Structures are given as structure tokens and as C-alpha cells.
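Trainee: If you want the numbering used here, it's the 1-based position in the sequence shown plus 16.
We put the CB at the ideal spot given by N, CA and C, even for glycine.
From a predicted model like this one, the values you see are computed outputs, not experimental measurements.
My questions will all concern the structure given below.
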Amino acid sequence: IDGVDMNKHAHFEALNNFNGSSWKKRLTSTHTYIQKFRSSSIYDLIVCNPPFFGKNLKGKHSHKNQAMHNDHLSMEELSESIHRLLSEDGIAWILYPEWEMKAFTKWIEKKGLFPISEVSIKNKENTPTFRMARKFSRITGEVEKIEVIIRKKDGSYSEEFSYLLKDYYL
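Structure follows, in C-alpha cells:
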């Protein structure tokens, strides 16, 4: 498993986490831009939570701005990088807000990758989609659609959300 991050702080945090893992010999982290990342491997799975704020106001912490604002990674560049690094029958999972996902999908479809699954994530019932995760492949087909609601109306976590994240909470 190869991690790639342009943010120095995120890269070092990943290295720290990897070193504490029982799989540390199989984990690497590279501090670079995905556009510049080169590997002798191609990947069967790519997972990406890219920065997505465009022309929004920035905060006072440059490392947070880099992680959250797309100044250094456009949707076109991300699409090209995925196309270059993904195996012929590989899949890519990407997380964006709903509007940005629609725009990104247009870019990645130009590279011959198409949505085959989508997860709409809502903070609460009867609210707009907060984030969208899409699974892309070079093979087209009917898009499987799933909706995940994080909290019920009373503010407690939904059963579905609790089940999905049970392995990550103590």
C-alpha cells in the first residue's frame, strides 16, 4: 500500500501511523504531489479524498489550506493521475461534496473511467447530501446507489453509520 500526500504534516502523520502498524513492511508514504508521483507499479485500487475548496477564503494555517484547497490539484490533474496509475481492471474511490463530484465525474469520464457505485452521505435525515463517494472503473454499467445518514433526527448515530464505523471506534 502506497500513500501519497502533498502535505508534509499529513505525510509524517501517515509515517507515524504506519510505523505502529503490524503491516508496516507493506506500507509506504511518499511526500509529493500525485501529479509528480512515479511508480513501477500500477494500482488495482486508488482511494482519494482530494482537497476541494476552490476560491474560498483561506485560514491562517498554510498546511490546512494546502490539504483543503485545490490550488495544487485540479480535478483535471487528479483525473489524469488516476488514469495513469490505475490498472486496466482497477477501481478508484473518490470523495467530494456533491457539486464537486458532478464536475469531477465529467473530467474523469474524459479519461475513460465511469461511475459504477455511489454513496450519498447526509449528516441527518431530510438534509442535503454532505459528501459523495463514487467508485470509478473503466467498465461501464448500472450505477449502484447507496445513501448513508450519519445521525438520526434525535442527534444519535444511525444504526447504519455505527455499523460501518464500528471497527474504528473503541
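1) Taking the C-alpha atoms as reference points, what is the distance between His27 and Leu61?
2) Going by Cα to Cα distance, which pick from Met91, Ala108, His99, Glu104 is closest to Phe152?
3) By the three-class DSSP mapping on this structure, what secondary structure does Asp170 have?
4) From this set, Tyr112, Leu31, Asn142, which residue's C-alpha is nearest Asp170's C-alpha?
5) Exposed or buried, what is Asn23 when buried is set at 16 or more other beta-carbons lying within 10 Å of its beta-carbon?
6) Within 10 Å of its beta-carbon, does Leu101 have 16 or more other beta-carbons around it, so buried, or fewer, so exposed?
7) Which value, in whole angstroms, describes the spacing of the CA atoms of Phe53 and Ala30?
8) Nearest-angstrom Cα distance between Glu175 and Ile110?
9) Residues bridged to Gly19 by DSSP?
10) With a threshold of 7 angstroms on Cβ separation, who are the neighbours of Met117 within its own chain once the five nearest residues in sequence on each side are excluded?
11) Do the CB positions of Ser97 and Lys127 come within less than 7 angstroms of each other?
12) Mind checking whether Phe177 and Ile162 have CB atoms under 7 angstroms apart?
13) With respect to 6 angstroms, is the separation between the Cβ of Glu158 and the closest non-hydrogen atom of the ligand FMN below this value?
Mentor: Considering the structure as presented:
1) 20 angstroms
2) Ala108
3) coil
4) Asn142
5) buried
6) buried
7) 17 angstroms
8) 24 angstroms
9) Ser45
10) Met148, Arg150
11) no
12) no
13) By its list of ligands, the structure shown contains no ligand whatsoever, and the ligand FMN lies outside what it can speak to.
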